[in-house]
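As they're listed, the protein sequences go chains W and E.
For the first sequence, counting from 1, position 186 maps to 406 in the numbering used here; every step adds exactly one.
For the second sequence, counting from 1, position 43 maps to 599 in the numbering used here; every step adds exactly one.
This report refers to the structure that appears directly beneath it.
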Amino acid sequence: MSGLPLAAFLDTPPLGELSQDALRAAGPQAAATLALWWPTLALCSAVLLGILIALGYALATSGRAVRSAPGDLSSLANREPGLVRAVSVGVALSTVALLGLVAASAATDRKLASLDTAGALQVHVIAHQWWWEFEYLDADVTRRFVTANELHLPVGRAVELVLDADDVIHSLWIPNLAGKRDLIPGHTQTLRLRADRAGVYRGQCAEYCGYQHANMALRVVAEEPGAFTAWADRMRAPAAAPATPLAQQGRAIFENGTCAMCHTVSGTPAAAKHAPDLTHLASRRRLAAETLENTHDLLARWISRPNALKPGVYMPDQAYSESDVQALTAYLETLK
Amino acid sequence: MRCPELACLALIVCLAGCERETRHFTADVPGPAYPGPRAQTGTVAGRAENPYARNAYAVNEGKRLFRWYNCNGCHAEGGGGMGVPLMDAEWRYGDRPVDVFTSIHDGRPDGMPAFGGRVTDDQIWRLAAYVRAIEGRVASATAPNRDDSLQEAKPETRRAGQ
Ligand SMILES: [Cu+2]
Chain W
221 MSGLPLAAFL DTPPLGELSQ DALRAAGPQA AATLALWWPT LALCSAVLLG ILIALGYALA
281 TSGRAVRSAP GDLSSLANRE PGLVRAVSVG VALSTVALLG LVAASAATDR KLASLDTAGA
341 LQVHVIAHQW WWEFEYLDAD VTRRFVTANE LHLPVGRAVE LVLDADDVIH SLWIPNLAGK
401 RDLIPGHTQT LRLRADRAGV YRGQCAEYCG YQHANMALRV VAEEPGAFTA WADRMRAPAA
461 APATPLAQQG RAIFENGTCA MCHTVSGTPA AAKHAPDLTH LASRRRLAAE TLENTHDLLA
521 RWISRPNALK PGVYMPDQAY SESDVQALTA YLETLK
Chain E
557 MRCPELACLA LIVCLAGCER ETRHFTADVP GPAYPGPRAQ TGTVAGRAEN PYARNAYAVN
617 EGKRLFRWYN CNGCHAEGGG GMGVPLMDAE WRYGDRPVDV FTSIHDGRPD GMPAFGGRVT
677 DDQIWRLAAY VRAIEGRVAS ATAPNRDDSL QEAKPETRRA GQ
C-alpha cells in the first residue's frame, strides 16, 4: 500500500475555482486517504455485485411451487447439499477481504502520521460559534498575527494546525487537504497537512455546533511561498489610519461604540477578542465564515442587521442611522 | 384510551406556548425602553419588568455576555472582588429590574463603569436578567444550568430564592 505513488492521486481543480471535493486531493494527506478510498470502493462494489449475482442465480434456478401447495419443509429433515461449503467459502472470502482492508487502513494511518513536519508552519486554529480564528505562530512573538475565516498556506511546506475550541465541540474538515479532526474545548489536538497544489479550497465545520453550524465554513488559499510571505507581511502590519473624513467618522463610531467591545483592529484601541479580527477585513473574499460575499452593500447590511443574514449570530443588531452605517462601512473598507 | 399520545400532544402544545423557549435574535422585542438617566431612577413610576425575566435563552445569553464584557473581572462569578458581590440579597441601588438596568447602563459612582452606548440596550436587559439569576431570583426552570468554564459557585438553578 505504502508503495503506491500518491502523486497519481493529486488533482487540481481549475484555477480560481473554489473546490470542496475529497476526490480532488491537493496534498499528500488527502491523496493517501484517496489511495485507500478507491480500492475500498472497488472491493465493496465487487462484493455487492457478487452477492447480487449469486442471489439472482439462486432465484432463477430454484423450482417454483404452486400457490396452493403446503410449505415444503423437507430441508429441515435432510440438509441441503453444499450449504456448509457455500457458507464456509463466503465466510473465508469475507475474512480475507476485511483483513485486507484492515491492513490497508493501518498502512494509510502510518502514511498519514509519517508526514515530515520539519520546519512546519504552525497555525493555532480556534473554533468559535460560528467562525474560525487563525493565529499564525512564530518563535519570534512579534511576528505572530491573527486573522479569521481565511487560511492562507504556502504550497509545498508542511503545516501543523493546533486545534482548540472556545465554546462547544466543532470539527475541521478541508476535504481537498485532509480528513476531519474535532476541536474540543480544553483538549488541544493537532492536524498535520501539506498543500502540494496551489488553489482555493473550501472547508467546513463538520460537527453540529448550534444554530449557525451550516454557515461555519472557511476558505483555504494555498499559494506559492513568495505570495504567502507577502500576504503574511501584509497581515502583520497594523491597520492604516483612514484618510477620508467619512472613514474617520466611522472609525470614531467603531471605537467609541459597541464594535470595540467585541472586535480587534490592531494598531487601534479596539482590542477585544470575542469576534473576528477585522484588521484586514477588506482583504477577505467573504464575510461571516463564508456566509456572504464581501461587497459594499452586504457589508453595510451586515453591520446593522447581522441577524437578518445569519440568524442567531453572536453579533447584535443595532439601530444605526443610515449615515452611521455608511461611515462604518467606509471605515471597514479601508482595512485592506 | 390513547393517554400517552394525548399527554405528549399536551406537552408539546405547552412547550410551544412557553416563553422560556422563545429565542429573540433581533432587538425589536416588546419591552420597556431605557428608563432614563441615573438622576431619574428613583422617579421611574411603577416596576418595569425585564422583558427577558422568563426567557431561558436570553438569561443564558446574559451569562455569556457577563464573561465577554468582563463583568466577572470585577464581580468574580457574582461573588464580588473589586466590585460588589451580586450573589447576596443586598442591593446598594435597588433590586428592581430598572435599577439593575440603570446600574449597568449608567454605571455607579464607586467604580462601576457605564456600559450604555458601548453595549446595546437589548444586551443590557439580558445582562440584567442574568444578574438576577446570579442571586437565584429567576425561576430555576429559566436559570442557566451549565457552565462553559470552571465555576466554584453552585449552578444558578440551585441558588436560594424563588
Ligand atoms: Cu459546527
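Every residue, glycine too, gets a C-beta built ideally from N, C-alpha and C.
Rounded to the nearest angstrom, the gap between the Cα atoms of Pro-536 of chain W and Gln-432 of chain W is 15 Å. Under the three-state reduction of DSSP output, Leu-357 of chain W falls in the coil class, being neither helix nor strand. Note: Ser-239 of chain W is bridge-paired with W:Tyr-421 in the DSSP secondary-structure output.
Here Ala-632 of chain E is not bridged, per DSSP, to any residue.
Within chain W, no C-beta atom comes less than 8 Å from the C-beta of Thr-578 of chain E; the nearest is roughly 13 Å away.
Per DSSP, the continuous beta strand (DSSP E) segment holding Arg-401 of chain W begins and ends at 401 to 403.
Under the 7 Å criterion on CB atoms, Met-436 of chain W is classed as non-interfacial with respect to chain E. About 18 Å separates the CB atoms of Tyr-551 of chain W and Arg-454 of chain W; that is not less than 8 Å, and the two are not in contact. Counting only Cβ-Cβ distances below 7 Å, Gly-673 of chain E has contacts in chain W at Gly-477, in chain order. At a threshold of 6 Å, His-390 of chain W counts as near ligand 1, since its beta carbon sits closer than that to one of the ligand's heavy atoms. For Leu-555 of chain W, the closest alpha carbon among the candidates W:Tyr-534, W:Thr-464 and W:Gly-283 is that of W:Thr-464. In the DSSP assignment, Asp-677 of chain E is bridged to no other residue.
In this structure, DSSP gives Trp-522 of chain W a helical state, which the three-state scheme calls helix. In this structure, ligand 1 has no non-hydrogen atom nearer than 6 Å to the beta-carbon of His-348 of chain W. Going by DSSP, Asp-384 of chain W is part of no alpha helix (DSSP H) but of the beta strand (DSSP E) stretching over 378 to 385.
If the five residues before and after Ala-459 of chain W are omitted, its C-beta is found closer than 7 Å to the C-beta atoms of Val-485, Ser-486, Gly-487, Thr-488, Thr-499 and Leu-555, all from its own chain and listed in chain order. For the segment 611 to 626 of chain E, the beta-carbon criterion of a distance under 8 Å to any beta-carbon of chain W is satisfied by Arg-620, Trp-624 and Tyr-625. Taking all protein chains in view, the Cβ of Val-545 of chain W is crowded by 16 or more other Cβ atoms within 10 Å, so the residue is classified as buried. With fewer than 16 other Cβ atoms from the protein chains shown falling within 10 Å of its own Cβ, Trp-258 of chain W counts as exposed. With a threshold of 6 Å, the Cβ atom of Cys-425 of chain W counts as near ligand 1, since some heavy atom of the ligand is closer than that.
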